[in-house]
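Top line first, the protein sequences correspond to chains W and S.
Residue numbers are given in our numbering: position 215 of the first sequence equals residue 216, and the series is strictly consecutive.
Residue numbers are given in our numbering: position 97 of the second sequence equals residue 162, and the series is strictly consecutive.
Think of the CB as a built atom: it goes at the ideal place given N, C-alpha and C, for glycine as much as any other residue.
Worksheet for the structure shown next.
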Amino acid sequence: MAAESQHPGRRPLAAFYDPKIRATAYQLVFLLVVAWGCYQVALNVSANLENQRIATGFGFLTEPAGFAINQTLIAYREGDSYARVFLVGLLNTLLVAGVGIIFATVIGFLVGIARLSPNWLLARLATGYVELIRNLPLLFQIMFWYLAVLGALPHPRQSLSFGFAPLLQGLAEKLSALEGIGVPALLNSVAEWLGPPGVYLNNRGLILPEPAVTTGGMVVLAIFAAGVVAALWLRRWSRRRQDATGRRFPVGRAALLLVVGLPLAASLFLGAPLSMQAPELRGFNFVGGVRLLPEFVALVIALSTYTAAFIAEVVRAGILAVPRGQSEAAAALGLRRGHALRLIVVPQALRIIVPPLTNQYLNLTKNSTLAAAIGYPDLFSVFAGSALNITGQAIEIIAIIMAVYLAISLLTSVGMSWYNARIQLAER
Amino acid sequence: MSSAAPERSYVSPAPIAPRVRPRGAARWRTVLSRLFAGPLNIVVTLLSAAVLATLLWPTLRFLVWDAVWDGASRVDCLEEAVGRPIGACWPFIAARFDQFMYGFYPEFQRWRVNTVYWAGLLLLIPLLIPSAPFKRLNALGFFVVYPAFAYVMLVGGRFGLPFVETRVWGGMLITLVLTYVGIVASLPLAILLALGRRSNLPIISSMTIVFIEFWRGVPLITVLFFATYMLPFFLPGDWSIDALVRVLIGVTLFSAAYLAEVIRGGLQAIPRGQFEGAAALGLGYWKTMGLVVVPQALKHVIPGLVNSFIALFKDTTLVLIVSIFDLLGQIRSAFADPNWATPVTVLTGFAFAGIIYFVVSFAMSRYALFMERRLNTDIRL
């Protein structure tokens, strides 16, 4: 107040020099500009829609969609509603992302560990893989697998077959020089005993044996699930007991018995109810079995090999980030190498690996939208492709798709911050 | 006192010689010992060699030995006609080369594209060499003057140059235009977004966070679809907006969000003392940021920025999904040409595209590595 009375002339400007008032004023102006922009956009949108006579709203979701989809995980017929189309597409996206994530993780961990191998050649090979894959565009790789590799595959009659039997037969052919001691004949008879491989690859896709569902099979599956639950409970119980009393329990062997032994015994008792129905070549195509679309196969190969190169780098960085002193200290405490890895090194490496790994999973899921380029019916290509073309509801459809991917991203990041908070080092 | 019991000393009495990287024959001996130490290691080496040979040998045969180097039509690339196994059909690339580079840009105007390419290279190369002089002038030329020059040259309609629609642009031209605009237009926006995210003003920081996370949360194709199909609805009805410009807007917003996060990392690494020093000198917010903080932050994150540019360069291929034919799109459409329909056409096209994409991305990633090593010498974080 004293300052004000000394400089009465500056009073009107004094408020403008107050940082708090100034900050509020700036923000209000910013907010007004943004709001005005949004209002203009809304005006334009409604005027344009009226001019082009496009109905707004999500009413189209209940209307029948007049197109077929060549891979559906749930029942779908031409003429089902667009809401159903959305669900079919979403499930297809989740399928390709899920399968891709499993393969990418396996390949990524293998390559990442191989890069750290003491073997010079193996380390170089893994480095070459990472450099090659990371420096080529993903869309290039997807189209390469789809057009150049799967497009060049033979017709169903000349399908490539995979499995031990064709491998043995091929080996028998190569070893025909050993005819005298009967090696090829032995290999062939083993191959015959194994039966047809049941896995075929041709230009119509990848054909796998289909599991036959029987009541006995369901019982065995139920026993397997119960075994898994029991093993998890057993692990918790033994850890608590060890913490309390120091007595140890052979959890590994017991869990193996519960998870593998019990279902195996049950299936032997019930007379091998779990069987695979192998596909058979009849005429020009296969009957029975599960056929995976070539688009699906190309997309899974490209997405998993591409993401694996990034996961390999994440894994390598995570392992290198655990200081040597940690494993040395573990050795000094008398832990065996396996225990030191499992109890000391891996948990610390995982703390570093998991957040960027989740990020890679998210990238893979977002990248699965490139399916649109080769025509795999994922959410993006059935909804933003076919449905958008037919209904013309560009704004609603793109908004729905963006919302779905945004929701997946946000859920993942919420999960990650929860995980980070849980595993954070308790620093002094 | 210390000399009385040297054996108890915890400090090494003599300096330990630094480990030197073995050279020449010694180096090869180390490599060999890492290949054939122990039975398991030998097995791993043999398996790796087998994998390498089965991958490398057919690739080299396809690209070089079995390749057809000159020819006039598909007949020269047919196994039945030539009578030997056929690798890459390079005449196919030669015949289509102009289309891969310029799309359907009018033939007699292609010198304009070439001028733009050469001018860009002349400005870019000294910019990348840290010791080259006139950095400020050079940067001004590359980031401010060059876009205007390239715009006039490529679009035309001024100075006696005939107008060329963007509809006929294609191939490498589109790839480079998208990459360049994606970098140059999004960088200033990204700096503003990064500053906004670090701002003390709650409304500004929360709105920038929403903006950044929105674009980072959605796949690029949805952004391209948004730009192609939704953006026209947002503008007044009598405005028409070029298809390429729409895609450029989408790419710029998308890459600005990613670059903003990279730059934010650099801003966070600037010590408090820098802000306090600037405040002590009486600098206001914009002067503090523009003269003190942002230049240092950008220098810290050059490797991260280059990595984002590589990602952008690779992502430009996605525009073929919204019917703009970049290099990959032109190559794919060339597969349908009946004059060059052979069993090796598709693989040849992929080999050509793959070499170009790999060479550019790999060179950029090596440059990022080089800058990282160079910058590491004067940064202590």
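Could you check which residue in S:Arg177, S:Ala204, S:Leu205 and S:Leu266 has the C-alpha nearest to that of S:Phe224?
Within the second sequence, residue 224 of chain S is the residue found at index 159, counting from 1. Residue nearest to S:Phe224 within the set S:Arg177, S:Ala204, S:Leu205 and S:Leu266 is S:Arg177 (criterion: CA-CA distance).
Beta-carbon proximity list for W:Ala173, same chain, < 6 Å, skipping 5 on both sides
As a working mapping, residue 173 of chain W is identified with position 172 in the first sequence. Hits under 6 Å: Pro185, Leu188 and Asn189.
Around the C-beta of W:Trp146, are 16 or more other C-beta atoms found within 10 angstroms, so that it is buried, or is it exposed?
Position 145 of the first sequence, counting from 1, holds the residue named residue 146 of chain W. Classification of W:Trp146: buried, given that the 10 Å Cβ count is 16 or more.
Using the C-alpha atoms, what's the distance from S:Ala321 back to S:Val249?
The count along the second sequence starts at 1 and reaches residue 249 of chain S at position 184. The count along the second sequence starts at 1 and reaches residue 321 of chain S at position 256. Taking the straight line from one Cα to the other gives about 10 Å.
Within 8 Å, do at least three Cβ pairs link the stretch 307-323 of chain S to the stretch 339-346 of chain S?
The stretch 339-346 of chain S and the stretch 307-323 of chain S do not touch, with fewer than 3 CB-CB distances between them shorter than 8 Å.
Can you check whether the C-beta of S:Lys379 is within less than 8 Å of a C-beta belonging to chain W?
Here the question's residue 379 of chain S lines up with position 314 in the second sequence. Cβ-Cβ to chain W under 8 Å: yes for S:Lys379.
Can you give the beta carbon distance from W:Thr73 to W:Val89, rounded, assuming they're within the 8 Å contact cut?
Counting from one through the first sequence, the residue named residue 73 of chain W turns up at place 72. Counting from one through the first sequence, the residue named residue 89 of chain W turns up at place 88. About 5 Å separates the two Cβ atoms, so the contact holds.
Quick one: grab the DSSP three-state call for S:Trp234.
For the purposes of this step, residue 234 of chain S is identified with residue 169 of the second sequence, where counting begins at 1. Under the three-state reduction of DSSP, S:Trp234 is assigned to strand.
Using a Cβ cut-off of 8 Å (strictly closer), state whether W:Thr370 contacts chain S.
Numbered from 1 along the first sequence, position 369 holds the residue referred to as residue 370 of chain W. Closer than 8 Å to the CB of W:Thr370 there is at least one CB belonging to chain S.
Name the chain W residues that come within less than 8 Å of S:Arg397, Cβ to Cβ?
Reading the second sequence from its first residue, position 332 is the one you call residue 397 of chain S. Around S:Arg397, the beta-carbon contacts reaching into chain W at under 8 Å are Met144 and Leu148.
Exposed or buried, W:Phe17, counting other C-beta atoms within 10 Å across all chains shown (16 or more means buried)?
Taking the first residue of the first sequence as 1, we reach residue 17 of chain W at position 16. Flag for W:Phe17 reads exposed.
Can you tell me whether W:Asn120 is buried or exposed, with buried defined as 16 or more other CB within 10 angstroms of its CB?
In the first sequence, residue 120 of chain W corresponds to position 119, counting from 1. By the 10 Å Cβ count, W:Asn120 comes out buried.
Would you list the one or two residues that DSSP bridges to W:Phe287?
Reading the first sequence from its first residue, position 286 is the one you call residue 287 of chain W. According to the DSSP secondary-structure assignment, W:Phe287 is paired through a beta bridge with W:Leu282.
C-beta atoms of S:Ala325 and S:Ala259 nearer than 8 Å:
The count along the second sequence starts at 1 and reaches residue 325 of chain S at position 260. The count along the second sequence starts at 1 and reaches residue 259 of chain S at position 194. Yes; because the gap between Cβ atoms is below 8 Å, this pair is in contact.
Check W:Gly206 in the structure and name its three-state DSSP category.
Stepping through the first sequence from its first residue, residue 206 of chain W is reached at position 205. Note: W:Gly206 maps to strand in three-state DSSP.
Output needed for S:Arg175: all residues of its chain with C-beta closer than 6 Å, excluding positions within five of it in sequence on either side, in chain order.
What you label residue 175 of chain S is simply residue 110 of the second sequence in a count that begins at 1. Taken in chain order, the residues that qualify are Tyr167.
Tell me the rounded alpha-carbon separation between S:Leu383 and S:Asp391.
Sequence index remark: in the second sequence, residue 383 of chain S carries index 318 (1-based). Sequence index remark: in the second sequence, residue 391 of chain S carries index 326 (1-based). A straight line joining the alpha-carbon of S:Leu383 with that of S:Asp391 spans about 9 Å.
Note down, in chain order, every chain S residue with its Cβ under 7 Å from the Cβ of W:Ser410.
For this step, residue 410 of chain W is matched to residue 409 along the first sequence. Scanning chain S for C-beta atoms nearer than 7 Å to the C-beta of W:Ser410 yields Gly282, reported in chain order.
Would S:Leu412 pass as an interface residue toward chain W - the criterion being a Cβ-Cβ separation below 8 Å?
Residue numbering aside, residue 412 of chain S sits at position 347 when the second sequence is read from its first letter. Yes - at least one Cβ of chain W is within 8 Å of the one on S:Leu412.
Proximity test, Cβ basis, 8 Å: S:Thr273 and chain W:
Position 208 of the second sequence, counted from the start, is the residue given in the question as residue 273 of chain S. For S:Thr273, no Cβ of chain W is located within less than 8 Å of the residue's own Cβ.
Taking the alpha-carbon positions, what's the W:Arg325 to W:Thr306 distance?
The count along the first sequence starts at 1 and reaches residue 325 of chain W at position 324. The count along the first sequence starts at 1 and reaches residue 306 of chain W at position 305. Going from the Cα of W:Arg325 to the Cα of W:Thr306 covers about 30 Å.
Any beta carbon from chain W within less than 8 Å of S:Pro150's own beta carbon?
To locate residue 150 of chain S, count along the second sequence from 1; it is residue 85. No, no contact with chain W.
Residues, ordered as in the chain, of the stretch 39-59 of chain W that lie near chain S by beta-carbon distance below 8 Å:
Look at the stretch 39-59 of chain W: the residues with a C-beta under 8 Å from a C-beta of chain S are Val42, Asn45, Val46, Ala48, Asn49, Leu50 and Asn52.
Delimiting residues of the alpha helix (DSSP H) encompassing W:Leu161:
Residue mapping note: residue 161 of chain W aligns to position 160 of the first sequence, counting from 1. No alpha helix (DSSP H) holds W:Leu161; the beta strand (DSSP E) holding it covers Leu161 to Phe163.
At a cut of 8 Å, does the stretch 318-335 of chain W reach the stretch 375-382 of chain W through at least three beta carbon pairs?
Because the criterion of three Cβ pairs below 8 Å is not met, the stretch 318-335 of chain W and the stretch 375-382 of chain W do not touch.
Quick one: using the 10 Å Cβ neighbour count with 16 as the cut-off for buried, is S:Tyr170 buried or exposed?
Translated into the one-based positions of the second sequence, residue 170 of chain S becomes position 105. The residue in question, S:Tyr170, is buried, as its Cβ has 16 or more Cβ neighbours within 10 Å.
In the DSSP assignment, find the unbroken alpha helix (DSSP H) run with S:Met295 in it and report its ends.
Here residue 295 of chain S refers to the residue found at position 230 of the second sequence. No alpha helix (DSSP H) holds S:Met295; DSSP gives it neither H nor E.
Runs of alpha helix (DSSP H) wholly within the stretch 302-349 of chain W (minimum 4 residues, chain order)
With a minimum length of 4 residues, the continuous alpha helix (DSSP H) runs that stay inside the stretch 302-349 of chain W are 325-333 and 338-341.
Just checking: is the beta-carbon of W:Ala4 within a distance shorter than 8 Å of some beta-carbon in chain S?
The sequence position of residue 4 of chain W within the first sequence is 3, counting from 1. Its pLDDT being 45, under 50, W:Ala4 is placed unreliably by the model, and the measurement read from it follows with that caveat. No, because no Cβ of chain S sits closer than 8 Å to the Cβ of W:Ala4.
Looking at the C-beta of S:Thr119, does it have a partner C-beta in chain W at a distance below 8 Å?
As a first step, residue 119 of chain S must be located in the second sequence, where it is residue number 54. False, the Cβ-Cβ gap to chain W never drops below 8 Å.
Measure from the C-beta of S:Leu266 to each C-beta in chain W and report whether the shortest distance is under 8 Å.
Position 201 of the second sequence, counted from the start, is the residue given in the question as residue 266 of chain S. Chain W, which has a Cβ nearer than 8 Å to the Cβ of S:Leu266, makes this yes.
Is the shortest distance between the beta-carbon of S:Gly330 and the beta-carbons of chain W less than 8 Å?
On the second sequence, position 265 is the one that residue 330 of chain S refers to. Not an interface residue.
Determine the chain S residues that contact W:Asn120 at a beta-carbon separation under 8 Å, and present them in chain order.
Mapped onto the first sequence, residue 120 of chain W falls at position 119. Within chain S, the residues near W:Asn120 are Arg99, Leu100, Asn106, Val109, Thr110 and Ser113.
DSSP three-state label for S:Ser77, please.
Stepping through the second sequence from its first residue, residue 77 of chain S is reached at position 12. Note: S:Ser77 maps to coil in three-state DSSP.
Check whether the Cβ of W:Ala374 lies closer than 8 Å to any Cβ atom in chain S.
Along the first sequence, read from residue 1 onward, the residue named residue 374 of chain W stands at position 373. So, interface residue.
Whole angstroms is fine: what's the gap from W:Tyr40's alpha carbon to W:Leu33's?
Indexing the first sequence from 1 puts residue 40 of chain W at position 39. Indexing the first sequence from 1 puts residue 33 of chain W at position 32. Answer to the nearest angstrom: the Cα atoms are 10 Å apart.
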